[in-house]
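Visitor: Got a structure for you, written out below as structure tokens; questions coming shortly.
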Amino acid sequence: MYVSMNWIKDFVDLDGEDLEQLIHRFTLSTAEVEGIEYKGRDISNVVVGEIIMCEDHPDSDHLHVLKVDAGDKVYDVVCGAPNARTGLKTAFVKVGGQVGEMEIRPAKLRGIESFGMCCSAKELGISDDHSGIMELDPSYANGTDIKEIFPIDDVIFEVDNKSLTNRPDLWGHYGMAREFAALTGHELKALPVMDSDYTGDAEVPVEIRNRDLVFRYSSVRIENITENVSPMEMQIRLYYCGMRAINLLADITNYIMLELGQPMHAFNGDKMKKIVVDTPKEDMKFTTLDGQERDITTDTLMIWDGEVPTGIAGIMGGLDSEIVDDTHSVMLESANFDGVSIRKSASRMALRTDASARYEKTLDPEMTYVAVQRFIKLLHDSDPGMKCTTRITDVYVKKYPELTVSFDKKFIDRYTGIDISNEQIKTTLELLGFETSQDGDNFVSKVPSWRGTKDVSMKADIVEEITRIYGYDNFEIKTTLSPIIPAKTTRRRAEENAVRDLLVKTYACHEIHTRVWCDPDALKDLGLTPEDNVKLVQASEEKGTGILRTSMMECLLPAVRQNRDFSTEYGIFEIGRVFTGTREDGRADEHRHLAVCLYSKDRTEKELYFEAVEIINTIVSELKHLKASYQKTETSHAWEHPKNTAGILVDGKEIGILNTLYPSIRTKIAKNAYVVCIEIDMDELLAIEPAEMTFSQPSSFPAVEYDLSLIIPDGVRFESIEKKWADLKIRELRKTSIIDMYEASGVRSITIRFSFVADDRTLTGEEVQAHIDTILKNLEESGVRLKLQ
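Structure representation (structure tokens):
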């Protein structure tokens, strides 16, 4: 957004102020200024010149030879403007003058010398009109400096729009001026307005049919409009702020939007008879002012002339009601629409306008009536013969509640850490428009309407208003005098953090955070229903918050389903509370559980299962320096696969469950993906004392690995055969690991990798084979035999 300091000065006296320093203070207190531009600095020695002679150039079909009276003398000038003519007064640059980056020097054009240049508005940098040289009022005296007539000199600064998102009042110069008034301590001047001078009972017929999307609608009908061109001062301000001049009526609406932040629209009064605000009953086509045909849906708020669509509310008017040069009457719209509705409509049509950008910010409804009064004033100044033919119609559908905030000086001092006087507190708030009453150290502030739509609502907001105007750079920098003591770390917290680090850094899992209650609807999507869950006696009215989870999977499985489309493979985990029943005292029996879900479309269920085993083994090894074992167990939840559910044992105690999903549940998550689940009772794991660690020097000799595929009889657990070779106490056997598993038709095959290493030599093949033979012979006692290829 571009802001003109000349415009600001209309409303607050800044004489004697350093504008650069003031703009810097604005950045520190209010919004980020991205840049400053000094308009008019590159314009010099430009005066009013009168063309007293105009002849065609003898050697050109488009050039003219002029004599220009510039007050001090008459200059010979060659000019190519099509509108150059005798008697015209225009902007004339003398030799030695400057326009933009061009310095004017004597020149010879087609054999005729030229001493100076007649300028277009574009060459002066005050418009994009370069159709011809400027045509000035004949009353201007020849030789008058152009800067004495038009406000060409100005300081324009650009504000980052993102920093104004929560400040709809700053989308207009009047709101900006209020900020500068507070920063300087100067009074904000009243906005010049004019009411309708119509004394009859006639009003603009306005009907608000959709009252959910309209807060306020103000209108007036004005006739007998004879002027079409806006004043040059208005055109220059519009141009400096990024808009082009169109015609008087359109320029005034744009001017007010930039001044007050209130968008307006002027309908052609010769065509518009009745204003109706409503959404269409069915989808339709509509042609906007830019000539584009738009697709209008049934949730797009429209302006209608009776039953005929004539504009998209808050975005753009229709082509049929456009203001043209011979328009002599208007029906004015100054409204406050629902910001969310306008944003959605603008986004859907890819039609984001200056008006819609402001409506999105939740504007002050009190400004619609003021904007109409301001329009009447500005139009009357340019066209005194205009006449209001109705009263100002004002349909106020919804009012924001008045907000007051009570606080005391002690609250301000505690939050700021500094002593701000009562007088400064009250003065600052009043300069910002807060009506503030004081009783000793106690204050009551009424939040102004332009700050009450989405910005200020609590005491902390008042603190911010006071401190930003006081100046954050004025706070004294002090180091803390209190000792910095690190927070105590409990064993539980340390172990849980270690698990988190392990899952994230080693296995690339994502930690999630769910709520302690389970959502029956989310479980229903998976074909599940809450089981014997604990129910809250005083549950919140929010849906799905009355039932506490008995397992972390009641929350993680819906999360897996929710994220299935974002990646083909991922792992998620959470450490949280579960509720397994109630105690004798009536309170819930709480436990902290770790839950992990591994999801993949690319890998087999067996591969995921083995990764889950590796995760469990690593957690137990890292935390307790022990080895986890597994045993077949009965399912306790509907999602657990009865054949693939194992209890996790550590030091003889079952601490959790490892399982795949029941097929019908798995297909509800994804038909072509697998999910493996781990749930560990962290309370049980925490209660296990870590094994004592001993250090042994690693061997400097290479290990020899030997894979055995074994046939395991039914009913024989892996732990029992693992104990067989452990009991042999083979010194060189340092590690065993499962490489593969196969089960079909009652036959179980497990491939085990044995790793042998000696401390003093490299083992020979004969030595390793001897150890393998010993192991196989010992396993034969349990019916385990070697699988023959």
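The sequence shown: position 196 = 1364 (this note's numbering), numbered continuously. C-beta: ideal position from N, C-alpha, C; glycine also. In this text the structure is predicted, and so the values were computed from the model without any measurement.
For Leu-1519, which of Gly-1482, Arg-1717, Thr-1536, Leu-1547 has the nearest alpha-carbon?
Guide: Gly-1482
Visitor: Runs of 3 residues minimum, wholly inside the stretch 1462-1538: which ones carry the beta strand (DSSP E) assignment?
Guide: 1470-1473, 1476-1480, 1498-1505
Visitor: So who's on the other strand from Cys-1765, going by DSSP bridges?
Guide: Answer is Ile-1740, Cys-1845, bridged to Cys-1765.
Visitor: Tell me the rounded alpha-carbon separation between Pro-1477 and Glu-1326.
Guide: 37 Å
Visitor: Report the rounded CA-to-CA distance for Ser-1497 versus Leu-1600, giving the unit in angstroms.
Guide: 38 Å
Visitor: Given that a residue counts as buried once 16 or more other Cβ atoms are within 10 Å of its Cβ, and exposed if not, what is Asp-1473?
Guide: With 16 or more neighbouring CB atoms inside 10 Å of its own CB, Asp-1473 falls in the buried class.
Visitor: With Arg-1451 and Ile-1464 assumed to form a contact (beta carbons below 8 Å), what rounded beta-carbon distance in angstroms separates them?
Guide: As written in the sequence, residue 1451 is Asp, which differs from the Arg given in the question. With a Cβ gap of about 7 Å, Asp-1451 and Ile-1464 count as contacting.
Visitor: Under the assumption that Ile-1544 contacts Val-1388 (Cβ atoms under 8 Å), give the Cβ distance between them as a whole number of angstroms.
Guide: Sure, about 7 Å apart at Cβ, within 8 Å.
Visitor: Using 8 Å for Cβ pairs, my map puts Ser-1502 next to Gln-1430. What's the rounded Cβ distance?
Guide: Ser-1502 to Gln-1430, Cβ: 6 Å. Contact.
Visitor: Under a three-way DSSP split, which group does Leu-1190 fall into?
Guide: helix
Visitor: Starting from the Cα of Asp-1305, find the closest Cα among Met-1400, Leu-1234, Asn-1213 and give me that residue.
Guide: When only C-alpha atoms are compared, the closest one is Met-1400.
Visitor: Can you look up Leu-1457 in the DSSP assignment and give me helix, strand or coil?
Guide: coil
Visitor: Assign Ala-1418 to buried or exposed, taking buried as 16 or more other Cβ atoms, counted over all protein chains shown, within 10 Å of its Cβ.
Guide: buried
Visitor: Give me, in chain order, the residues of the same chain whose beta-carbon lies closer than 7 Å to that of Lys-1800; leave out the 5 immediate sequence neighbours on both sides.
Guide: Excluding residues within five positions, the ones whose Cβ falls inside 7 Å are Ala-1814.
Visitor: So, do the stretch 1324-1342 and the stretch 1196-1210 have three or more beta carbon pairs nearer to each other than 8 Å?
Guide: Short answer: they touch.
Visitor: Kindly list the residues whose CB is nearer than 7 Å to the CB of Glu-1722, restricted to its own chain and excluding five residues on each side of it in sequence; keep chain order.
Guide: Cys-1686, Leu-1691
Visitor: According to DSSP, Met-1909 sits in a beta bridge with which residue or residues?
Guide: Answer is Ile-1918, bridged to Met-1909.
Visitor: Give me the Cα-Cα distance between Arg-1918 and Val-1667, rounded to the nearest whole angstrom.
Guide: Here residue 1918 is Ile; the residue named in the question, Arg, does not match the sequence. Roughly 29 Å between the two C-alpha positions.
Visitor: With a threshold of 8 Å between beta carbons, is Phe-1579 in contact with chain E?
Guide: Reference to chain E is not applicable here, since this structure consists of a single protein chain.
Visitor: Could you give the DSSP three-state label for Val-1361: helix, strand or coil?
Guide: coil
Visitor: CA-CA distance, Asn-1812 and Tyr-1798?
Guide: 11 Å
Visitor: Decide if Arg-1209 is buried, meaning its Cβ has at least 16 other Cβ atoms within 10 Å, or exposed.
Guide: exposed
Visitor: Mind the definition here: the stretch 1394-1414 touches the stretch 1568-1582 only if three or more C-beta pairs lie below 8 Å; say whether that holds.
Guide: Contact between the stretch 1394-1414 and the stretch 1568-1582 is absent, because fewer than three Cβ pairs lie under 8 Å.
Visitor: Roughly how many whole angstroms lie between the Cα atoms of Arg-1526 and Asp-1532?
Guide: 11 Å
Visitor: Using DSSP with H/G/I as helix, E/B as strand and the rest coil, what is Ala-1289?
Guide: coil
Visitor: Going by Cα to Cα distance, which pick from Asn-1422, Ile-1593, Leu-1724, Ile-1645 is closest to Glu-1847?
Guide: Leu-1724
Visitor: Taking 7 Å as the cut-off, is the beta-carbon of Pro-1569 closer than that to any non-hydrogen atom of the ligand SAH?
Guide: Because no ligand of any kind appears in the structure shown, any question about the ligand SAH cannot be addressed here.
Visitor: So for Asp-1419, helix, strand or coil by DSSP?
Guide: helix
Visitor: Rounded to the nearest angstrom, what separates Gln-1266 and Gly-1284 at their Cα positions?
Guide: 10 Å
Visitor: Along the alpha helix (DSSP H) that carries Thr-1942, what are the first and last residues, could you check?
Guide: Note, Thr-1942: alpha helix (DSSP H), 1933-1947.
Visitor: Given this structure, state the Cα-to-Cα distance separating Cys-1845 from Ala-1780, to the nearest angstrom.
Guide: 8 Å
Visitor: Output the boundary residues of the alpha helix (DSSP H) element that contains His-1341.
Guide: Where His-1341 is concerned, the enclosing alpha helix (DSSP H) stretches over 1341-1352.
Visitor: Can you tell me which residues form a DSSP beta bridge with Trp-1685?
Guide: Answer is Leu-1716.
Visitor: Tell me whether Ser-1605 sits in a helix, a strand or coil according to DSSP, three-state version.
Guide: strand
Visitor: Measure from the alpha carbon of Val-1565 to the alpha carbon of each residue in Arg-1885, Val-1884, Phe-1505, then state which is nearest.
Guide: Phe-1505
Visitor: Ignore the nearest five residues each way along the sequence and tell me which others in Arg-1660's own chain have a CB closer than 7 Å to its CB.
Guide: Leu-1854
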